[in-house]
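Mapping the sequence shown onto the working numbering, position 48 (from 1) lands on 48, and the numbers just tick up by one. Ideal placement from N, C-alpha and C gives every residue a C-beta, glycine not left out. On a predicted model such as this, the values are computed, not experimentally measured, just so you know. Contents: one structure, followed by commentary.
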Amino acid sequence: MANSNASKQDNWLNELLNNLRKQEHEIMLGGGQKRIDKEHAKGKLTARERIELLIDNESEFYELGLWAGYEMYEEVGGCPGGGVVTGIG
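Rendered as structure tokens:
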């Protein structure tokens with residue numbers, strides 16, 4: 001019985017982590033792939049691409065506030081990350 005309960009908890013946790021990773025991926029796209037392509041067509045980089053160029057190759061960038069604005073302002077297309085990228089790196 002204990003193994004069955006532990007297995008259910010493991011499945012629940014794995015499902016939760018998968019959902020969070022999916023949300024994180026969507027948020028990291030900012031306004032979506034079309035928006036990224038539009039910026040690239042103008043010769044511009046996204047904020048995360050610029051940050052990647054600024055930090056040292058061996059360094060990590062720990063993004064803060066990734067879920068700020070998540071599922072808010074959907075009537076105007078949403079506001080992933082609150083429209084800003086902040087972090088430590």
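Apart from the five residues on each side of it in sequence, which residues of its chain come closer than 8 Å, Cβ to Cβ, to residue i?
i	result
glycine 77	Gly31
glutamate 26	Pro80
On the criterion of 16 or more Cβ atoms from any shown chain inside 10 Å, does residue i qualify as buried, or is it exposed?
i	result
glycine 81	buried
valine 85	buried
Only counting the same chain, and skipping five residues up and downstream in sequence, which positions put a Cβ closer than 6 Å to that of residue i?
i	result
cysteine 79	Gly69, Met72 and Tyr73
serine 59	Gly89
Under 9 Å, Cβ to Cβ, is there at least one residue of chain B near residue i?
i	result
asparagine 5	Within the model displayed, chain B is absent; a lone protein chain is all it includes.
For residue i, which three-state DSSP category applies?
i	result
glutamate 63	strand
isoleucine 88	strand
asparagine 57	coil
methionine 28	helix
isoleucine 17	Before going further, note that residue 17 is leucine rather than isoleucine in the sequence given. Three-state result, leucine 17: helix.
glycine 81	helix
Quick one: what's got a C-beta closer than 7 Å to residue i's C-beta in the same chain, skipping five residues either side?
i	result
glutamate 24	Leu66
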